[in-house]
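Below you'll find the structure, written out as structure tokens, and then a few comments.
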Amino acid sequence: MAQARASTTSTSSASSSGDFPPFNQRHLLSIADLQQHEIIQLLDRAEAMVPVSRQERKSHPTLTGKTQINLFFEPSTRTQGSFEIAGKRLGALVMNMSVKSSSVSKGETLVDTATTLNAMRPDVIVVRHGAAGAVELLSQKVGCAVINAGDGAHEHPTQALLDALTIRNHKGRISGLTVAICGDIANSRVVRSNLLLLGALNVRTRVIAPRNLLPVGIEHLASEVFTDMREGLAGADVVMMLRLQHERAQGRMIPSVREYYRFYGLDAEKLSYAKPDAIVMHPGPMNRGVEIDPAIADGPASVITDQVEMGVAVRMAVLDALLPSRNEP
Amino acid sequence: MSTPVSRPTLIENARIVDPASGTDSQGAVLIEDGLIAEIAIGAPIGVPDGAEVINAKGLILAPGLIDMRVFTGEPGKEYRETLQSAGDAAAAGGVTSFVMMPDTTPVVDDGALVDFLIRRAKATSRVNVLPAGAITKGLNGTEMTEYGLLKEAGAVCLTDGRHAIQSPAMLRTAMSYAANYGMIFVHHLCDTDLAGAGVMNEGLFATILGLKGIPREAETIPLARDLQLAALTGVNYHAAQISCAASVELVAAAKRRNKSVTAGVSINNLALNENDIGRYRTFFKLSTPLRSEDDRQAIVEGLRNGTIDTIHSDHDPQDTEVKRQPFAEASDGAIGLETLLAAALRLVHSGDVDILTVLRAMTSRPADILGLAAGRIAVGAPADLILFDLEYPWQVSEQQLRSRSRNTSFEGARLAGKVMRTIVGGETVFEHVD
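Chains A and B are the protein sequences, given in the same order. Following the numbering used here, the numbering of the first sequence begins with 503 at its first residue and continues without gaps. Following the numbering used here, the numbering of the second sequence begins with 2 at its first residue and continues without gaps.
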């Protein structure tokens, strides 16, 4: 179902963004900022980017001469790598900056960092930060586009986009599906972005977690809330598992991994309650044997590696959508 | 400020609103030697020789406000606020006396510091500065300070400011010892363990923002504990600031049994709610946090029915460096001396609370609790008075505020009601210029 547009002109100067209406957002800070048609446009743009990474010369240089800074205040392998590859395949100069939050607390504030980087005149800054709202604060202090790569427990918009693209590719549609998200709902930015995005596309959303991992008011954000995993999975088209920060969780959040796995770990028996063709997703990195049975994670229902591939396409699409609109006269 | 005995001042044609006596009528007040010398309701007063005459037509004459919770930057963080700049802000806001919290560097936990501050404030501040003494040394929550010596030096009450003592045993001892000297015990309510890493009210809004919530129980559990210990020890207990409906109920129940219990509320919790945080606006990051609209309405009702005794500004100057941060990492606090009256008058203009009740909570009630002669328009009382225009429309602009810090939670707010003149000890310390 990949669209042919732009996929065969990788070395030409043609811009895929020309095939889409202008994307009228300065930044990508949260799914909450996006209208339904903007979400669909980003998914379509990402779809068009998929072939670029599948061809031999993985190059679609629409961002030649542009500078992208990946500013990560929290360690991340896959998200940072995905943004780096996305930028490089579009021809941007990509710089990675990993800032340990401890060195920030030693003196330089986030605003100082933003001002300093801004003076280097980047075209886009991709930011991950441990505090909710931090990326938005930074965006107010710079003159370039800013992409939120995760801010605390607030949002992770490109994750929700890549999840949606993966679902669309496997199910042929998004609207009308039932998506069950299971795990540490309280501390997950992935959940918030996904509930917003899927909600905007008329998905029946469910969250499943023990009560102490459900944040107050979640019943207003998800269509249904379950504490029993089998009930929550019944009839689901998509099962999305979340990573449990079990090193941190043990003792206060959950008593033990074995109890958590017994009641909230995805195994074949629990998955059998979902639809027979249900797909299994995970934003990674996975804890096999904590929230998911390795046999499921690596089994036929799993689309986890597809998510990683769609991640690159989504990030290429977002970069491509944000940058031309800012630099045309 | 020390000034030679001045000539008499006559304020006439004023609408005198004095909550202590329940007065709301036209009249005149004569000031002599810094004290209120004569009050005439409905009738004129003859102009004494050489008197200055102020025609207060169209203005309300009320006791100057007494603000029970003000943080300053002096000593230690003068770049945030000095006693002088706080005094200027207070004068412009109609606050003629404020209780200064002990959260300074060094902490006000020693009689010598209280003595120093009183003298320093007399020399530099336009309004009366009333130092509070710390309950525990260095606000550490574990060792008592010298309550007797603090009282002798002039501390008007005991409080650990924005710090909340966690140990019930410590609180029991401190309350009991404070009762020994008849000291008012003012306590901030926060179970720090339950509040945890929370940064705003727990609820849907915090969940949407991805911020950790502070449950109401982090306030009500320590409040219930304090109220029981207050009854046990017989101390005059003042809940520093309550923010939620359940706390109003607890205080109301305690007051039915114990006459020595009072409660305050920050103007922020009366005028604002958690939705004002919007998208991570850190000037609304407060401790006590802003709660839901239902809680705010319960607080308003508590004020109306007398459960809540006092309204204060919770004036807390913080500089840009600590406020321009991600929400969870920013400091708590907002300035409020200059906007206190106008923000409180919103309740009058909306018809929620009558003017006598609103003013009582900022004049005679704090005066009664602290044992001050001020806070009322009575013959022989200090001439700490304000003249204000109840309807005067203005828009808050941080650039025009007198505080050294800019962290107002009312930036851009359109308010009605402005102080036209502030008088402390018979001397005009602020006059509004259009």
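All C-beta atoms in this analysis are idealised placements derived from N, C-alpha and C, irrespective of residue type, glycine included.
The C-alpha of B:ASP320 is placed about 28 Å away from the C-alpha of B:LEU346. About 4 Å separates the CB atoms of B:ASP315 and B:SER267; that is less than 8 Å, so the two are in contact.
In this model, A:SER725 and B:ILE278 are separated by some 26 Å (Cα to Cα). Here the alpha carbons of A:ILE710 and A:GLY767 stand approximately 11 Å from one another. At a Cβ-Cβ threshold of 9 Å, B:ILE17 and B:ALA63 count as neighbours. For the pair B:VAL30 and B:ALA368, the Cα-to-Cα distance works out to about 20 Å. Excluding the 5 residues flanking it on each side, A:VAL692 has same chain C-beta neighbours closer than 6 Å at HIS658, GLN661, PRO785, in chain order.
In the three-state scheme derived from DSSP, where H, G and I count as helix and E and B as strand, B:TYR393 is classed as strand. Three or more Cβ pairs closer than 8 Å define a contact, and the segment 342-359 of chain B falls short of that threshold against the segment 218-227 of chain B. Counting other Cβ atoms within 10 Å of its Cβ, A:ASN650 reaches 16 or more and is therefore classed as buried. Using a Cβ-Cβ cut-off of 9 Å, A:GLY645 does not count as an interface residue toward chain B, since no Cβ of chain B sits closer than that to its own. Here B:LEU150 has GLY112 as same chain residues with Cβ atoms under 7 Å from its own Cβ, once five neighbours each way along the sequence are excluded. Between the alpha carbons of B:ASN259 and B:ARG297 lies a distance of about 25 Å. Restricted to the segment 573-623 of chain A, the beta strand (DSSP E) segments that are unbroken, complete and at least 3 residues in length are 595-600, listed in chain order. DSSP places B:ASN269 within a helical segment (H, G or I) once states are collapsed to three.
Interface criterion not met: the Cβ of B:GLN319 is under 9 Å from no Cβ in chain A. For a Cβ distance threshold of 9 Å, residue set THR611, LEU612, VAL613, LEU639, LYS643 of chain A lies close to B:ARG325, ordered along the chain. For B:SER7, the secondary structure class from DSSP, reduced to helix, strand or coil, is coil.
Excluding residues up to 5 positions away in sequence, GLY74, PRO318, GLN319, ASP320, ARG405, SER406 lie with their Cβ nearer than 7 Å to the Cβ of B:ARG81 in the same chain. A residue is called buried once 16 or more other Cβ atoms fall within 10 Å of its Cβ, and B:GLY183, having fewer, is exposed. Taking all protein chains shown into account, A:ASN696 has 16 or more neighbouring C-beta atoms within 10 Å of its C-beta and is therefore buried. Here B:ARG325 carries a coil assignment [DSSP, helix/strand/coil]. Of the candidates B:LEU60, B:ARG70, B:ILE215, B:VAL301, B:LEU60 places its Cα closest to the Cα of B:PHE389.
In this chain, B:PHE284 is not harboured by any beta strand (DSSP E), its DSSP state being neither H nor E.
Within its own chain, the residues whose Cβ lies closer than 8 Å to the Cβ of A:GLU576, once the five positions on either side in sequence are excluded, are SER603, ARG630, HIS631, GLY632, GLY652, listed in chain order.
Taking 9 Å as the upper bound on Cβ-Cβ separation, chain A lies near residues GLY204, LEU205, PHE206, ALA207, THR208, ILE209, LEU210, GLY211, LEU212, LYS213, GLY214, PRO216 of the segment 204-230 of chain B.
If you check each beta-carbon in the segment 534-563 of chain A against every beta-carbon of chain B, none falls closer than 7 Å. Around the beta carbon of B:ALA90, a 10 Å sphere encloses 16 or more other beta carbons of the protein chains shown; the residue is thus reported as buried. Taking 8 Å as the cut-off between beta carbons, the residues of the segment 709-733 of chain A near chain B are PRO717, VAL718, GLY719, ILE720, HIS722, LEU723, in sequence order. For the C-beta of B:ALA180, not a single chain A residue is nearer than 7 Å; the gap to the nearest is close to 38 Å. Flagged as an interface residue toward chain A: B:TYR281, by a C-beta distance shorter than 9 Å.
Proximity of A:GLU657 to chain B, defined by a Cβ-Cβ separation below 9 Å, is satisfied.
Distance from the CA of A:VAL816 to the CA of A:MET551, rounded to the nearest whole angstrom, comes to 8 Å.
Here B:PRO103 is buried. Its C-beta has 16 or more other C-beta atoms within 10 Å. Boundaries of the alpha helix (DSSP H) harbouring A:GLN661: 659-673, taken from the DSSP string. Nearest C-alpha to A:GLU733 among A:SER600, A:LYS777, A:HIS539, A:GLN570: A:LYS777.
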